[in-house]
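From first to last, the protein sequence lines stand for chains W and Y.
The first sequence begins at 1 in full-length UniProt numbering and counts up by one.
The second sequence begins at 1 in full-length UniProt numbering and counts up by one.
Read through the structure below, which is laid out as structure tokens, and then see the notes.
Protein chains: 2
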Amino acid sequence: MNAEKGLLIVLSGPSGVGKGTVCAALRKVCPNLVYSVSATTRPPRPGEQEGVNYFFKTREEFERMIERGELLEWAEYVGNYYGTPRRFVEEMLEAGKDVLLEIEVQGAMQVKRRYPEGVFIFLVPPSMEELRRRILGRGTEGDAAITERLEAARAELAMMAEYDYVVVNDTVEHACERIRAIVTAEHCRRDRLMPRYQKLLAEGK
Amino acid sequence: MNAEKGLLIVLSGPSGVGKGTVCAALRKVCPNLVYSVSATTRPPRPGEQEGVNYFFKTREEFERMIERGELLEWAEYVGNYYGTPRRFVEEMLEAGKDVLLEIEVQGAMQVKRRYPEGVFIFLVPPSMEELRRRILGRGTEGDAAITERLEAARAELAMMAEYDYVVVNDTVEHACERIRAIVTAEHCRRDRLMPRYQKLLAEGK
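This is the structure we're talking about:
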């Protein structure tokens with residue numbers, strides 16, 4: 001039995017910084033992390049499984065979840081809702097599992113209001129120049145669109161002040177290593193270990 | 001040039017928990033950490049070397065160092081003085097090096113008053129029974145000294161509340177791994193990275 005709750009780890013950062021790539025790499029090196037499954041109103045694609053890829057919901061169901069506060073965070077993209085169901089995350093945390101959420105900065109701030117005890121990690125590019133290169137590398141957009149994306153990324157970078165940790169995504173390997181270290185270190189934080197501490201002292205009497 | 005100061009990492013814990021063993025193992029796996037060498041009036045144990053394990057001092061020499069303010073912290077423990085020469089530590093931190101101090105709990109609290117920004121790690125035994133075994137296993141002391149050590153260790157365990165991190169010394173390897181992770185994570189802490197953050201934002205303009 002595990003009496004300790006798991007850690008809620010929120011990985012976020014500006015658009016284009018490489019959150020998805022780092023998260024995919026983490027899945028390989030951190031098999032003990034539980035990856036949150038999102039809810040969506042978009043229809044399942046062939047092969048997608050309920051509760052594995054997504055929790056599939058109707059608009060009515062999703063809106064009821066919003067009303068009942070059953071989502072840790074949510075947003076609407078291209079006519080579909082996407083969000084993080086609170087129950088799955090809470091059940092995993094109660095079972096002592098660490099849960100990783102990879103989300104956009106707006107969603108991360110919603111989570112922070114509900115779970116200030118979460119571990120908030122902000123992924124940053126090694127330089128603005130490198131972020132520009134990554135945004136350019138994504139595809140063929142006009143100068144105006146690129147400038148807009150960069151402006152948005154700059155505004156998102158200012159959100160760094162709201163996070164506990166800043167991880168530079170210089171290489172995916174290094175970023176993963178730092179995130180793993182943060183998770184290990186957070187488990188050693190004295191305030192989180194207080195219950196075990198009380199037990200150890202009682203044992204000595 | 002490194003504009004960032006190094007981290008002062010203070011490793012402490014109750015007598016007999018294995019601070020010395022963990023510290024010796026860290027030396028091998030963390031060549032970038034600078035290890036502060038303590039001064040002491042206790043006689044060398046077999047294999048201990050002057051200037052490597054300790055600076056061995058007479059009581060008169062040690063008291064002169066106290067008077068001159070040459071110690072970052074010092075304490076008298078089971079009839080012997082232990083202390084940390086101040087200048088070396090401060091020079092290394094200014095040069096951007098992380099410095100590890102392995103010290104007794106009384107000394108750690110003195111350092112905390114002077115360096116609240118330090119990283120305070122408390123090493124604990126997996127159980128009180130295991131701590132008793134380790135203290136007995138040393139076999140370098142008489143019964144009275146052992147009883148005294150156990151009583152002191154129990155009182156020292158209560159000091160845990162003053163630390164940032166608690167590391168269970170179940171195996172030396174695991175303890176080292178956790179300490180390395182703590183150092184890595186502390187370097188990622190947002191409040192420590194603020195200067196770099198300001199630079200990154202300015203660069204984007």
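Just so you know, even glycine gets a beta-carbon here, dropped at the ideal spot from N, CA and C.
- Between W/I179 and W/L26 a beta carbon distance of about 6 Å is seen, short of the 8 Å cut, so the two are scored as contacting.
- Check the Cα spacing between Y/E102 and each of Y/V119, Y/R113 and Y/R87: the tightest is with Y/V119.
- According to DSSP, W/A39 shares a beta bridge with W/F55 and W/G83.
- Contact annotation for Y/T58 against chain W: no contact, minimum CB-CB distance about 36 Å [criterion: below 7 Å].
- For W/E117, the nearest beta carbon of chain Y is not closer than 9 Å to its own beta carbon.
- Y/V22 is outside the set of residues whose beta carbon lies under 9 Å from a beta carbon in chain W.
- The Cβ of W/R180 sits closer than 9 Å to at least one Cβ of chain Y.
- Interface flag for W/E186 against chain Y is set, since a Cβ pair is found closer than 9 Å.
- The stretch 82 to 90 of chain W and the stretch 16 to 30 of chain W do not touch, with fewer than three beta-carbon pairs separated by less than 8 Å.
- Between Y/P44 and Y/Y54, the gap from beta carbon to beta carbon is short of 9 Å.
- Judged by beta-carbon spacing, W/V111 lies beyond the 9 Å limit of W/G6, meaning their Cβ atoms are not closer than that value.
- Chain W has no Cβ within less than 9 Å of the Cβ of Y/L7.
- Listed along the chain, the chain Y residues whose CB falls inside 9 Å of the CB of W/V105 amount to none; the nearest CB is some 14 Å away.
- The C-beta of Y/A161 comes closer than 9 Å to at least one C-beta of chain W.
- For a Cβ distance threshold of 8 Å, residue set V166 of chain W lies close to Y/L193, ordered along the chain.
- By the C-beta density criterion, W/P14 is buried, having at least 16 other C-beta atoms within 10 angstroms.
- Annotation: W/I103 is outside any beta strand (DSSP E) and is labelled neither H nor E by DSSP.
- In the pairwise beta carbon analysis, the stretch 58 to 65 of chain Y is classified as not touching the stretch 171 to 190 of chain W: fewer than three pairs are separated by under 8 Å.
- Going by beta carbons, Y/E4 and Y/R196 fall inside the 9 Å limit.
- Rounded to the nearest whole angstrom, the C-alpha separation of W/K19 and W/E129 is 18 Å.
- Between the alpha carbons of W/M65 and W/M160 lies a distance of about 29 Å.
- Bounds of the alpha helix (DSSP H) holding Y/E186 are V172 to H187.
- Following the DSSP letters along the chain, one finds W/L150 inside the alpha helix (DSSP H) bounded by residues D143 to L157.
- Against chain W, a Cβ distance below 8 Å from Y/R190 picks out F122, M160, A161, Y163, D164, Y165 and V166.
- Y/A75 carries a strand assignment under DSSP once its states are collapsed to helix, strand and coil.
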